[in-house]
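Numbering follows the working numbering, in which position 99 of the sequence shown is assigned residue number 113; successive positions increment by one, without gaps.
In this text, a Cβ means the ideal position worked out from N, Cα and C, and glycines have one as well.
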Amino acid sequence: MSKQFWGVIVGIVLIFVGIIALSGGGKSNNSGSGSNGKTLSQHVQGQGTTGVTLLEYGDYQCAYCQQYYPTVKQVQTQYGDKIKFQFRNFPLVSLHRNAFAASRAAEAAGLQNKYWQMHDVLYENNDPNGKAGWVAAPDPNTYFDAFAKQIGLNLTQFKTDFASSKVNDLINADLAEGTRLGITGTPTFYINGKKADLGNSIDSFTKVIDAAIAKEAPAAKTQ
15 MSKQFWGVIV GIVLIFVGII ALSGGGKSNN SGSGSNGKTL SQHVQGQGTT
65 GVTLLEYGDY QCAYCQQYYP TVKQVQTQYG DKIKFQFRNF PLVSLHRNAF
115 AASRAAEAAG LQNKYWQMHD VLYENNDPNG KAGWVAAPDP NTYFDAFAKQ
165 IGLNLTQFKT DFASSKVNDL INADLAEGTR LGITGTPTFY INGKKADLGN
215 SIDSFTKVID AAIAKEAPAA KTQ
């Protein structure tokens, strides 16, 4: 056979490989392990009785994430246990110098079963202008220690966990998974594994979540 024929065959194979690679990059993974086998953070609120999971990749120093934070809280209140809400770390370290450290604080608090308390305190004390508080501090650890005391953590244990490789590995695994998905900004949301473009309003979230619940309902009836 001619070289031209084999060139066409090779080209077709490469196209299919590219399609497969791209299709794998758009679906989020709600399991405990990333595509590289590393353990991802597993912080979930709500029972998800409808089979719907809202996943956020966020950055605690991100002003947009801080603006979405109360909206997400309202969504959780509105749906209660009907949905699961899951948060994963995606600190944009090239833009936010204290974002990775903030994720460490949240993960360290999680090892004392107070992840969500720290999660909330970090956002509620995020200066959206980036000029005050922990987001602007040359060394934010003093703030994180104060937050740890505020939510009732054992401070010695918190400091040990904050500096641990376990916490560091969880954050890096989340980052790797988010990068695999093609995430470049925060917040980025997924509903049942599919990226969702959600405006910062209850109506925007409700429309997409209700559609996901309706889609899951027939499957639930057949089980």
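Contact check, residue i vs residue j, beta carbons under 7 Å
{"i": "residue 69", "j": "residue 100", "result": "yes"}
{"i": "residue 54", "j": "residue 188", "result": "yes"}
{"i": "residue 74", "j": "residue 115", "result": "no"}
{"i": "residue 96", "j": "residue 63", "result": "yes"}
{"i": "residue 140", "j": "residue 61", "result": "no"}
{"i": "residue 122", "j": "residue 181", "result": "yes"}
{"i": "residue 230", "j": "residue 65", "result": "yes"}
{"i": "residue 117", "j": "residue 185", "result": "yes"}
{"i": "residue 205", "j": "residue 177", "result": "no"}
Start and end residues, alpha helix (DSSP H) containing residue i
{"i": "residue 182", "result": "179 to 194"}
{"i": "residue 161", "result": "155 to 164"}
Nearest neighbour of residue i, chosen from the options [CA to CA]
{"i": "residue 76", "options": "199, 231, 178, 53", "result": "199"}
{"i": "residue 94", "options": "84, 174, 59, 107", "result": "59"}
{"i": "residue 110", "options": "138, 194, 84, 154", "result": "154"}
The beta strand (DSSP E) enclosing residue i, as first and last residue numbers
{"i": "residue 59", "result": "57 to 59"}
{"i": "residue 299", "result": "With the chain running from 15 to 237 in the structure shown, residue 299 is simply not present."}
{"i": "residue 100", "result": "97 to 103"}
{"i": "residue 74", "result": "Careful: residue 74 lies outside any beta strand (DSSP E) and carries neither H nor E."}
Same chain, Cβ closer than 7 Å to residue i, five either side skipped, listed in chain order
{"i": "residue 82", "result": "201, 214"}
{"i": "residue 35", "result": "The predicted position of residue 35 is uncertain, since its pLDDT is 36 and thus under 50; a value taken from the coordinates is nonetheless stated next. For residue 35, where only same-chain residues beyond five positions count, there are no Cβ hits under 7 Å."}
Close beta carbons around residue i, own chain, < 6 Å, minus the five adjacent residues each side
{"i": "residue 192", "result": "71, 104"}
{"i": "residue 203", "result": "70, 210, 212"}
{"i": "residue 38", "result": "With a pLDDT of only 42 at residue 38, under the threshold of 50, the placement of this residue in the model should not be trusted, and no figure is reported."}
{"i": "residue 161", "result": "135"}
Residues near residue i by beta carbon distance below 8 Å, same chain, minus five either side
{"i": "residue 220", "result": "89, 92"}
{"i": "residue 171", "result": "125, 126"}
Are the region 86 to 106 and the region 148 to 156 touching, with three or more C-beta to C-beta distances below 8 Å?
no
Are at least three pairs of beta-carbons, each pair with one atom in the region 157 to 177 and one in the region 118 to 132, less than 8 Å apart?
yes
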